[in-house]
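First comes the structure, then the notes that go with it.
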Amino acid sequence: MTFRLQIWYNGITCRWVRAQADTPVYRKVAWNTIHSIFMQEVLHEIF
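Counting with the working numbering, you get residues 9 to 55 for the letters of the sequence shown.
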């Protein structure tokens, strides 16, 4: 993927995610997902 296309794609994805994120349930699920992925990365770095 070219850099410009990547930015364009990310912009659309961000907009879509923001639109979805208006629902509190989605927010909670998204946060939990991000948090668990983040924790896995951190633990992987430590150990």
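Just so you know, even glycine gets a beta-carbon here, dropped at the ideal spot from N, CA and C.
What would DSSP say about residue i, mapped onto helix, strand or coil?
i            : result
threonine 41 : helix
Can you name, in chain order, every residue of its own chain whose Cβ lies under 8 angstroms from the Cβ of residue i, other than the five neighbours on each side?
i           : result
tyrosine 34 : Gln28
Looking only at its chain, what residues have a beta carbon closer than 6 angstroms to the beta carbon of residue i, apart from the 5 residues adjacent to it on each side?
i         : result
lysine 36 : none
Between which two residues does the alpha helix (DSSP H) holding residue i run?
i            : result
threonine 21 : 11-28
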